Amino acid sequence: MPELNLTLCCIVTSLIASAVTIAPADKVVFSFPEFPYKETGKNEMAFHEYESACEQSPSCSQLASISRVRCVRECVSPSCYSEIYQSDQA
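Mature numbering (1 follows the signal peptide of the UniProt record, and there is no 0) puts the sequence shown at residues -25 to -1, 1 to 65.
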């Protein structure tokens, strides 16, 4: 299970790193922790199962926009969410 959490952290980190767009005048440098990750069909399937279950959970399904994204990320891996995103809450 710890390997899965590290895998999920890496996936979530990759997703958010590729999704962040910042205006050149407001350039911010993010320093994301790196986690070992081997991209396999099994790992991808496990992540999508966790993500789907979290999206459908009562606590996340009622939310919209960025609140829902945050909820799903925290649901998928609370420890990873805390390590990566908790200090950067807007």
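Backbone N, C-alpha and C fix where the C-beta goes; we use that ideal spot for every residue, glycine too. Owing to the predicted nature of the structure, the values given are computational and were not obtained by experimental measurement.
Worksheet item: Around the Cβ of residue 41, are there at least 16 other Cβ atoms within 10 angstroms (buried) or fewer (exposed)?
Response: Under this definition residue 41 is an exposed residue.
Practice prompt. Find out if the Cβ-Cβ distance for the pair residue 3, residue 29 is shorter than 7 Å.
Written response: It is not a contact, given that the beta carbons lie outside the stated cut-off.
Discussion item. In the DSSP assignment, the alpha helix (DSSP H) including residue 21 goes from what residue to what residue?
Written reply: Its alpha helix (DSSP H) spans residues 16 to 31.
Practice prompt. Under 7 Å Cβ to Cβ from residue 46, same chain only, skipping five residues before and after it: list those, please.
Written response: Around residue 46: 34, 35 and 38.
Practice prompt. Compute the Euclidean distance between the alpha carbons of residue 1 and residue 18, then round it to the nearest angstrom.
Written response: So the alpha carbons of these two residues sit roughly 35 Å apart.
Worksheet item: Closest to residue 24 by CA distance: which of 48, 9 and 60 is it?
Response: The candidate whose alpha carbon is nearest that of residue 24 is 48.
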